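Chemist: If you scroll down you'll find the structure; I have some questions about it.
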Amino acid sequence: MHKIFDSAVALVFVIGLMIVAAAPLRAGPYEDSLARFLADSYSDTDAAIGGVAASGHVMAEEVIRALQDRRLMMSPGSKTIVIKGASGALRNAATGQPLAAPPADLTDVRINNRVRRAIDAALGSLTLLSPDARRRFEAAQAVFKSRDESALPALDTAIAKEISQGVRRALSQARAAVILMQSDAKEADKLAAVAIVRDRGDQDALAVLGGLPAETAAPVRKAAADAVGSIQNNLALWSGVQNAWYGLSLGSVLMLAAIGLAITFGVMGVINMAHGEMVMLGAYTTFVVQEIIRTSYPGLFDWSLAVAIPLAFLVAGIVGIGIERGIIRFLYGRPLETLLATWGLSLVLQQAVRTTFGPTNREVGSPSWMSGAFEVGQITITYNRLWIIVFTLLVFVALLALLRFTRLGLEMRAVTQNRAMAASMGIRTARIDALTFGLGSGIAGIAGVALSQIDNVSPNLGQGYIIDSFMVVVFGGVGNLWGTLVGAFTLGIANKFLEPYAGAVLAKIAILVLIILFIQKRPRGMFALRGRAVEA
Amino acid sequence: MRIGPFPLTRILDRGAWVFLALLAAFSVLVPLANLLVPPTSPFHVSTYAVALFGKYLCYALLALSIDLIWGYAGILSLGHGAFFALGGYAMGMYLMRQIGTRGVYADPVRPDFMVFLNWPELPWYWYGFDMFWFAALMVLLVPGLLAFVFGWFAFRSRVTGVYLSIITQALTYALMLGFFRNNFGFGGNNGLTDFKDILGFNVQADGTRAALFFSSCVALALGFFICRALVTSKYGKVLIAVRDAEARTRFLGYRVESYKLFAFTLSACMAGVAGALYVPQVGIINPSEFAPANSIEAVIWVAVGGRGTLTGAVLGAVLVNYGKTFFTTGLLAPYWLFVLGGLFIGVTLLLPRGIIGTLQHWWDERRSAKPEPSEAPQTGAAPLTNPHPAE
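Chains as they are written, first to last, in this note's numbering: chain A, 1 to 536; chain B, 1001 to 1391.
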């Protein structure tokens, strides 16, 4: 025991000697600042961070990052600051050399919220000169939020060197924010800074303009107040745009779920309560396709949806034709019975899927081109939502084209308009009925592929959409695809604009009540068929 | 059907008498077999079974209310569970107020969930529910009023057929979403439960359960009688005319909307009573009772028993629910939905008249096969399926 103690003392002594020997050689702003960590007080730590960051030393960033991750330690006895590597290896912060043996009195450099803010600010100004444009941008954002005066020289150098437009804008905004905080800056500079911050126009800009120091001159205050007003207007506008975007997104989902229904209910007049289950089958088809690709051809994963779409169309379409031939054709002219039978069918399908795939959610992955997001102004747009909107419109256009330009579409419209006449012209109406139903179901299957990207794939997937889709079809008007389009997007957008005021559930209730009232006024929907078609 | 000189013979035909007699026997024998027969005897009926049968009777009353509007007026409501649940909530609120200081938080006025949510006082719509007569009134009024307002709007603007079905479904869906919310003031998704007393009697006690069972029998018999009286009257004839040819009836000068509205409102009140009797026997009411699936399930009870035959609705409700209990309490549980779904498909395709309707039809065929041609058109039961939906 005694011996170990002795050797520890000896070691400390040797290390101490080394530092004493090294100190005169290496003393500089970096080492001086580093030493302040040893004081073990938050204000000294704070100052030390600023000093280290300003020193421009090669180790500076590493030291501050270590402090941020609580890997920076000190040994008051030997006056050493030590960086603990991620693997636990110790290095001297002053020299960067590995430490042979840890000093006995090694303790963490303590941090609190104030120190954390200082760390963020310091890292912000440190990485302002990073070769990576993305990191420079992030650093500028960090400085904008911290408004740390010490970053000003670094900012000026960075702005002078910057080549990227976007990063330069971020840098000058950060500079403007810092200037606004300075007590000794010129009034003209401050007014220019207010203008720059105003152009940024987001919540952070509001925070900067709202938190001006007390001694700010009156003209600057006034300019800032104007800027706050204009930013708030701007933000309100953007939040409107954001609601509209969410509404479009919800509308496209409603549209996808409802468009197949618009064919079976709208064109054929058949209530298919199992429509939601066709959507579910499509989603499960996607799941199966992805499982096979994952186990057998992992390289093709990005193509999984392209494979799943035609397959889902086929699976749901064939099941749909089976339903029409097996059940629905016996019930034409008895809509209420059709409703009950197809409801029963939906229970059977749900339970069949539950016993096959289990009752829990199945994971369906997104291909790489569907993940991620980009920003437009103040809103974030995710790729999967964007693709779903595009996909919805494609499906819609394809369906319109099919109804208008193909022989099948012509025959479908003929049967819809006048069944007896169509039959006497030689159209096999029974076959057309089956194909129409298959088409509607197949489209529901495709919708399932898209919905598998944004919703849980579970046996109850379809049930969640059935009431909404009926609302869309009823609202838009039966027998009219354009009505479905307008209905879906109207309901989607109305829902999202009500949500901020009423909350999601109340917005939904309000929409349901509005539709109930709307049906009172126009029982056949917005785009009602007129004339003889009404009686069909 | 001949309209006889005495109302009672007109209202109650042989089948109706048989049904009422069976119900009366049931209402006396089951409680007696529970209370007086010792548990060791094979004739003893357990308290669990009494509550279960009581539940079936409430479902039967709900089925009866659906049959009145679907079977006789052609209104397929897929939201009747909403009226059932509203009646249940009215009763549940009375039962909550009866808990008093015996709740977890021992608040004399506010139910536990309000204390838990830090509500300073009772919301205004909970006032009066400490009195049984008030709650009983609300059991009839709330569903009735909702049905009246809803029906007034819907029938006046001639929303018929599947459109009406879909908006009734949307109605119950909207109510479900609302009742799931905590700040709606009805206990959120836990609903109302942990009841102690009804009219001063312990809800768990065997005697109370037997009394509730008896009350359910009486309510069912009363509901049956009212429905019979309606459908055999001149009003009932017009209602059937509305079902089979709405436009034609309107052109004959009848106010179709008023006929439908009365039937719809009455039916909602009956569903409310069914819900009110259901809650103390089951011991809980929560928003899932509003689920559209429940309402649609109730419709299939009617279809199984026979749409447009009141006894069929009762029989269907009891049979299907017995089947549900049988399937969902054993190893067969995963297959219940197959059976239920199969029932929906099978009954609509193969047995469109339902059990009682098919029997009646078969009986009438046999009668009309005998050489009594002049009697046939009058004795034939009303057509059960509607060959020409409203033109």
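We put the beta carbon where it would ideally sit given N, CA and C, even for glycine. All figures in this text were calculated on a predicted structure; none of them were measured in a lab.
1) Would you identify the three-state DSSP class for B/F1201, choosing helix, strand or coil?
2) B/G1330 touches chain A at which residues, Cβ-Cβ below 8 Å?
3) When the Cα of A/T45 is compared with those of A/A89, A/S75 and A/R110, which residue comes out closest?
4) Check this for me: beta carbons of A/W238 and A/G377, under 7 Å apart or not?
5) Please confirm whether B/V1159 has its beta-carbon closer than 7 Å to some beta-carbon of chain A.
6) For A/M280, which residues from the same chain have a beta carbon less than 7 Å from its beta carbon, with the 5 sequence-adjacent residues on both sides left out?
7) If contact is defined by three or more beta carbon pairs under 8 Å, each pair taking one atom from either stretch, is the segment 1064-1074 of chain B in contact with the segment 1292-1309 of chain B?
8) Tell me A/F374's beta-bridge partners as DSSP assigns them.
9) Identify, in the order they occur along the chain, each residue of the same chain with its Cβ nearer than 6 Å to the Cβ of A/Q351, setting aside the five sequence neighbours on each side.
10) Could you please give the first and the last residue of the uninterrupted alpha helix (DSSP H) stretch that includes B/K1234?
11) Taking a Cβ distance cut-off of 8 Å, strictly less, list which residues of the segment 1165-1187 of chain B are near chain A, in chain order.
12) Hey, is A/F470's beta-carbon within less than 7 Å of any beta-carbon in chain B?
13) Is A/I292 buried or exposed, if buried means 16 or more other CB atoms sit within 10 Å of its CB?
14) Name the residues in the segment 509-524 of chain A whose C-beta lies less than 8 Å from a C-beta of chain B; which are they?
15) Would you check if the segment 1100-1112 of chain B and the segment 1043-1053 of chain B touch, i.e. whether three or more CB-CB distances between them fall below 8 Å?
16) DSSP three-state label for B/T1009, please.
17) Under 7 Å, CB to CB, which of the residues in the segment 291-306 of chain A have a partner in chain B?
18) Would you call B/T1040 buried or exposed, if buried means 16 or more other Cβ atoms sit within 10 Å of its Cβ?
19) Please decide whether B/T1348 counts as near chain A, where near means a Cβ-Cβ distance under 7 Å.
20) Which of the residues in the segment 1335-1365 of chain B, read from start to end, lie with their CB under 9 Å from any CB of chain A?
21) Got a sec: is the Cβ-Cβ distance from B/I1075 to anything in chain A below 7 Å?
22) At a CB-CB cut-off below 7 Å, which residues of chain B make contact with A/L340?
23) If you drop the 5 nearest sequence neighbours on each side, which residues of the same chain put their C-beta closer than 7 Å to that of B/F1264?
24) Does the separation of the CB atoms of A/M73 and A/L106 fall below 7 Å?
25) If you reduce the DSSP assignment to three classes, tell me which class A/V82 lands in.
26) Grouping DSSP H, G and I as helix and E and B as strand, with all else coil, what is A/M421?
27) I'd like the list of long-range same chain contacts for A/N361, defined as Cβ closer than 8 Å, with 5 residues on each side in sequence excluded.
28) So that I know if they touch, is there some Cβ in chain E lying closer than 7 Å to that of A/V288?
29) In whole angstroms, what is the alpha-carbon distance linking A/A23 and A/A176?
30) Sort A/F489, A/L123, A/I427 and A/A89 by Cα distance to A/L67 and report the nearest one.
31) Against B/I1069, what residues of chain A qualify as contacts under a CB-to-CB distance less than 7 Å, listed in chain order?
32) From which residue to which residue does the alpha helix (DSSP H) around B/M1096 run?
33) Tell whether a beta-carbon distance below 7 Å holds between B/F1084 and B/A1369.
34) So who's on the other strand from A/L90, going by DSSP bridges?
35) Among B/V1304, B/D1364, B/V1302 and B/A1276, whose alpha-carbon lies nearest the alpha-carbon of B/K1055?
36) A/A22 by DSSP, collapsed to three states: which one?
Modeler: Inspection of the coordinates gives the following:
1) strand
2) Under the 8 Å cutoff, chain A gives no residues; its nearest Cβ is about 16 Å from B/G1330.
3) A/R110
4) yes
5) yes
6) V353, G448, P459, L461 and G462
7) yes
8) A/I381
9) none
10) K1234 to D1244
11) S1165, I1166, I1167, Q1169, A1170, L1171, Y1173, A1174, L1177, G1178, F1180 and R1181
12) yes
13) exposed
14) I509, L512, V513, I515, I516, L517, I519, Q520, K521 and P523
15) no
16) helix
17) none
18) exposed
19) yes
20) Y1335, W1336, L1337, F1338, L1340, G1341, G1342, L1343, F1344, I1345, G1346, V1347, T1348, L1349 and P1352
21) no
22) V1299, I1300, A1303, F1344 and T1348
23) I1069, I1075, A1147 and G1151
24) yes
25) strand
26) helix
27) N456, V457 and S458
28) Looking for chain E here will not work: the only protein chains present are A and B.
29) Interpretation of A/A23 is limited by its pLDDT of 45, a score under 50 that renders its predicted location unreliable; no figure is taken from the coordinates.
30) A/L123
31) By Cβ distance, chain A contributes nothing, its closest Cβ being about 12 Å from B/I1069, past 7 Å.
32) H1080 to I1099
33) no
34) A/K84
35) B/A1276
36) Unreliable placement is indicated for A/A22, whose pLDDT of 47 sits below 50; the coordinate value is still reported in the next sentence. Helix.
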